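For what it's worth, the UniProt record's numbering labels the leading residue of the sequence shown as 1, then goes sequentially. Glycine is no exception: its CB is placed at the ideal position from the N, C-alpha and C atoms. Only a predicted model underlies this, so the values are computations on that prediction, with no experimental measurement involved.
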Amino acid sequence: MANDSSSPPSTRISSSPATSRTPPFLPTFLERIVLGFFPVLLVFGALFSVLSPQTRDAPYDPISQSHSQDPAVSPSYFARKSNLFNVIFVKRGWAWTTVAFAAFLLTHPSTSSPTRRLRGAARWGAVTLCWLFVTQWFFGPPIIDRGFRWTGGKCDVAEMDVALGDSGVAEVVTAVACKAAGGKWRGGHDISGHVFMLVLSSVFLLEEVGWSLLRWTNWAPDERTVVMPDGAVKGAGVEAEIAAGDNKGSGQLGFGIGGKFLMTVVGLNVWMLLMTAIYFHTWFEKFTGLLTAFIGWYIVYNVPRFVPAVRGLIGLPGI
Ligand SMILES: CCCCCCCCCCCCCCCC(=O)SCCNC(=O)CCNC(=O)[C@H](O)C(C)(C)COP(=O)(O)O
Ligand SMILES: Nc1ncnc2c1ncn2[C@@H]1O[C@H](COP(=O)(O)O)[C@@H](OP(=O)(O)O)[C@H]1O
């Protein structure tokens, strides 16, 4: 275990001034820059959609959350749900995220120890649970669909069939089941699943590659702090397996093939997020998608800093 923050100054391997450390309850300065990028991107997309004459003048259907899907009228290839990036990349987005993370975790020397790999896999499990609960299943319908119903949303086919006396269809409680029954999912607040998943995937991958490389290369001080079991607040490096910058013999300081693949997935996430920001949903639904992703990020990456028991299970990236 490297002692790069709690040992006396003369024996510190790597240190940062106490003033640059961040309280364990808050994201660090670097994290705030990365997290802050996403709302800026969403605002940029929203502004673009109202300022671009092509987008502003294109017919928009609030029920399907999209512009006309007719290629002759839709404002762009990316305004169509059938665009290949959406079908092949976003609609299978968690599989891409998983493969990209595995490629980095299993090939980069900064994550080569069994403990780091195990804890990295545990963090993937925790982030995957967030994705699963919000978009796929939460002891029944996922959180997005429950939220939609709680805010007054309904499946229109269900209403029609209730009027006709078939109460079974009224139990349609997921967007997928509603669409499969030929109904329209309307009336409630529909948290953007695309914004949620693309932001969660990006911040997950960036946390993992960012802290691993930052400590591996000692490119900048690690400003994270942690609450120890005795209540003391120390630099996160106090629990590190190896000291920051101690990469001797690996011969690799860059992203490597796994890291480059991971960054390609992050790049595609950002591009598709911009497309969602410009062409789909209301600004408030995109905002709640962003907020839900940030809550997931906070639980997996910030809570362990001040709850030692959780840190013992899933660790911190790069440590
Ligand atoms: C602390 C350790 C706990 C360990 C717990 C383990 C976690 C259990 C994992 C459960 C299995 C998950 C397996 C994950 C592997 C995959 O990635 S398979 C999934 C492939 N599917 C996708 O990638 C779908 C992605 N798409 C969506 O989520 C949605 O389409 C959308 C983008 C949210 C948009 O929604 P729409 O309704 O389609 O518009
Ligand atoms: N960047 C993008 N490219 C293509 N389609 C997108 C998109 N962002 C959102 N959509 C589509 O807009 C709808 C609402 O998205 P979400 O709620 O996931 O944010 C979904 O339609 P479908 O459910 O009909 O596929 C989704 O496919």
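For residue i, does the three-state DSSP call read helix, strand or coil?
{"i": "VAL300", "result": "helix"}
{"i": "GLY256", "result": "helix"}
{"i": "ALA184", "result": "One point to set straight first is that residue 184 is Lys, not Ala, in the sequence displayed. Note: LYS184 maps to coil in three-state DSSP."}
{"i": "VAL307", "result": "coil"}
{"i": "ASP156", "result": "helix"}
{"i": "THR151", "result": "coil"}
{"i": "PRO317", "result": "coil"}
{"i": "ASP246", "result": "coil"}
{"i": "GLY165", "result": "Residue confidence for GLY165 is low, a pLDDT of 48 falling below 50, so the modelled location carries little weight; the figure read from the coordinates is stated next. Coil."}
{"i": "ASP230", "result": "coil"}
{"i": "residue 368", "result": "There is no way to answer for residue 368, as the model of the chain reaches only from 1 to 319."}
{"i": "GLY312", "result": "helix"}
{"i": "SER64", "result": "coil"}
{"i": "GLY267", "result": "helix"}
{"i": "GLY235", "result": "strand"}
{"i": "PHE280", "result": "coil"}
{"i": "LEU273", "result": "helix"}
{"i": "ALA293", "result": "helix"}
Regarding residue i and ligand 2, is the C-beta to nearest heavy atom distance less than 8 Å?
{"i": "LYS184", "result": "no"}
{"i": "TYR60", "result": "no"}
{"i": "MET272", "result": "yes"}
{"i": "ASP156", "result": "no"}
{"i": "GLN65", "result": "yes"}
Can you tell me the Cα-Cα spacing of residue i and residue j, whole angstroms?
{"i": "ALA163", "j": "LEU35", "result": "Reliability fails at ALA163, whose pLDDT of 48 lies under 50, so the model's placement of it is uncertain and the value that follows must be treated cautiously. Distance between the alpha carbons of ALA163 and LEU35: 47 Å."}
{"i": "SER250", "j": "PHE101", "result": "20 Å"}
{"i": "SER74", "j": "ARG80", "result": "7 Å"}
{"i": "TRP283", "j": "PHE38", "result": "13 Å"}
{"i": "ASN269", "j": "VAL199", "result": "8 Å"}
{"i": "LEU105", "j": "GLU208", "result": "9 Å"}
{"i": "ALA220", "j": "TYR77", "result": "41 Å"}
{"i": "PHE294", "j": "PRO71", "result": "35 Å"}
The alpha helix (DSSP H) spanning residue i covers which residue range?
{"i": "VAL210", "result": "Strictly speaking, residue 210 in this sequence is Gly, with Val absent from that position. Looking at the DSSP string, the run of the alpha helix (DSSP H) that includes GLY210 is 193–217."}
{"i": "ALA36", "result": "The residue asked about is misnamed: residue 36 is Gly in this sequence, not Ala. From DSSP, the alpha helix (DSSP H) with GLY36 extends over 29–51."}
{"i": "VAL127", "result": "114–131"}
{"i": "ALA102", "result": "93–107"}
Is residue j closer than 9 Å to residue i when the C-beta atoms are compared?
{"i": "THR151", "j": "GLY188", "result": "yes"}
{"i": "VAL226", "j": "PRO304", "result": "yes"}
{"i": "ASP156", "j": "GLY183", "result": "yes"}
{"i": "VAL238", "j": "THR97", "result": "no"}
{"i": "SER68", "j": "PRO62", "result": "no"}
{"i": "ALA232", "j": "LEU316", "result": "no"}
Is any non-hydrogen atom of ligand 1 found closer than 8 Å to the C-beta of residue i, if you look at the structure I gave you?
{"i": "ARG117", "result": "no"}
{"i": "PHE294", "result": "no"}
{"i": "GLN69", "result": "no"}
Between which two residues does the beta strand (DSSP E) carrying residue i extend?
{"i": "THR225", "result": "225–227"}
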